[in-house]
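>
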């Protein structure tokens, strides 16, 4: 016959579980990375109905291993062909993802990709906002939040 656990044993189990959960939450919070980036988007060539662009992402935060850069077009531009990134577009929203071999961007390091696209022959403005892995690129680094 198995004895019924005492209140002391139940209290010990509850305290142990709480300590473990608190430790995990603290570890997750403490590992939050500093973030920050700068994007240089340059139209390198433009012709009737088409253009070429070169994009450089500079990581100002902690090292990144795997990246996705997002932006939106405002004048109907469409990406048609890319190199050094996999680029997808849904409406005005564009996402460029690393090509595997260039997934890591060290602190103050950079990744570069290019693409060809189409435009309406009337206006081809440079996007005014970019986000790296969901963090808006402001040209400065946001420090790690202390635990």
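Numbering (the numbering used here), first residue to last: 454 to 600. Here a beta-carbon is modelled for each residue, glycine too, at the ideal position from N, C-alpha and C.
#1: In three-state terms, what does DSSP make of residue 515?
#2: When DSSP labels each residue in this structure, what does residue 477 get in the three-state scheme?
#3: Assign residue 544 to buried or exposed, taking buried as 16 or more other Cβ atoms, counted over all protein chains shown, within 10 Å of its Cβ.
#4: What is the residue span of the beta strand (DSSP E) that residue 526 lies within?
#5: May I ask which residues mark the beginning and end of the beta strand (DSSP E) holding residue 490?
#6: Could you tell me the boundaries of the beta strand (DSSP E) in which residue 547 lies?
#7: From residue 529 to residue 573, what does the alpha carbon distance come to, in whole angstroms?
So, from the listed chains and residues:
#1: Residue 515 falls in the coil class under three-state DSSP.
#2: Since pLDDT at residue 477 reaches only 40, below the 50 mark, its modelled position is unreliable, and the value read off the structure follows with that caveat. The three-state secondary structure of residue 477, taken from DSSP, is helix.
#3: The residue in question, residue 544, is exposed, as its Cβ has fewer than 16 Cβ neighbours within 10 Å.
#4: Careful: residue 526 lies outside any beta strand (DSSP E) and carries neither H nor E.
#5: 488–500
#6: 546–550
#7: 7 Å
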